[in-house]
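Residue numbers (my numbering): 388 to 585.
We put the beta carbon where it would ideally sit given N, CA and C, even for glycine.
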Amino acid sequence: MKETKFGKKFWESKWKNGETGWDIGEVSPPLKLYIDQLKNYKQHILIPGCGQCYEAAYLHQKGFTNVHTLDLSTIALEKFKEANPNFPKENVHNEDFFDHKGEYDLILEQTFFCALEPAQRKDYVHKMYSLLKPGGKLVGLLFDDPLSKDRPPFGGSKTEYLNYFSHKLKVDLMETAHNSILPRRGRELFFICTKPVD
Ligand code: SAH
């Protein structure tokens, strides 16, 4: 695991103290709409920095059989397991995203990118690239807002994100989401990136 100011201790204390302002208690509407049009129920899906992972619960409930959740925080994952007793335990990964090994058709981004230090953004894109199968997709939401400079959530802009993401991935779409929850309306970008086949 790489040394970072915002490691396991930082996140565990957030979860322990209930300082989880990012947690919207449900699948965010843009991701729900995306999930609802997926047809391959066997595809391998990862949700890193998943917290209570409403997306994974929703996918599992819909019949997706290869959904994986990952978070540094043991507390977050315990909460997830408690709320979803039938979700396969072996698909719940309590580890650092940068240490994870696997091959996925789809990776979902929801308030994880902004949890990482901006200095890790290049590594994030490289790691996503290495976890995706050729033709696999990274899909999700990014804040289109400068947010905080010294602690998570770290924000940014479309120009900045395009710069990072297009380095390794094909950016198919990155636009202001039209169906964000009210407090995030106009402040988040929905994006779809594909790992090129060759
Ligand atoms: N996606 C969830 C949680 C977002 S908060 C939601 O939207 O509700 C960010 C989460 O990322 C926290 O649960 C934190 O523990 C986790 N996290 C931060 N750095 C991580 C890392 N390097 N590897 C894995 N998880 C990490």
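{"Check": "Collapsed DSSP secondary structure at L425 in the structure displayed", "Outcome": "coil"}
{"Check": "When R571, G543, E442 are compared against A470, the one with the closest alpha-carbon", "Outcome": "E442"}
{"Check": "Within-9 Å CB hit, L576 to chain B", "Outcome": "Of the protein chains in this structure there is only one, and it is not chain B."}
{"Check": "In chain order, each beta strand (DSSP E) run of at least 3 residues that lies wholly inside the region 412-481", "Outcome": "432-435, 454-457"}
{"Check": "Sufficient close CB pairs (3 or more, under 8 Å) joining the region 549-562 to the region 574-582", "Outcome": "yes"}
{"Check": "Residues sharing a beta bridge with L560, DSSP", "Outcome": "I579"}
{"Check": "L518 beta carbon less than 9 Å from that of F552", "Outcome": "no"}
{"Check": "Cβ-heavy atom distance, Q439 to ligand 1, below 8 Å", "Outcome": "yes"}
{"Check": "Cβ neighbour criterion (16 or more within 10 Å) applied to P539", "Outcome": "buried"}
{"Check": "Beta-carbon proximity of D423 to C440, cut-off 9 Å", "Outcome": "no"}
{"Check": "Sequence-distant residues of the same chain with beta carbon closer than 6 Å to W409, five excluded per side", "Outcome": "T498"}
{"Check": "Ligand 1 heavy atom lying under 8 Å from the CB of P539", "Outcome": "yes"}
{"Check": "Residues near K509 by beta carbon distance below 8 Å, same chain, minus five either side", "Outcome": "Y551, H554"}
{"Check": "Segments of 4+ residues assigned as alpha helix (DSSP H) that fall wholly inside the region 484-570", "Outcome": "508-518, 545-552"}
{"Check": "Helix, strand or coil at W409 according to DSSP, with G and I counted as helix", "Outcome": "coil"}
{"Check": "At least three beta-carbon pairs within less than 8 Å, the region 529-538 to the region 466-485", "Outcome": "no"}
{"Check": "Cutoff 6 Å; reference G522; Cβ partners in own chain excluding five residues on either side", "Outcome": "V584"}
{"Check": "Limits of the unbroken alpha helix (DSSP H) element including K396", "Outcome": "395-403"}
{"Check": "Cut-off 8 Å between Cβ atoms - residues of its own chain near V512, not counting five sequence neighbours on either side", "Outcome": "Y551, F552, H554, K555, L556"}
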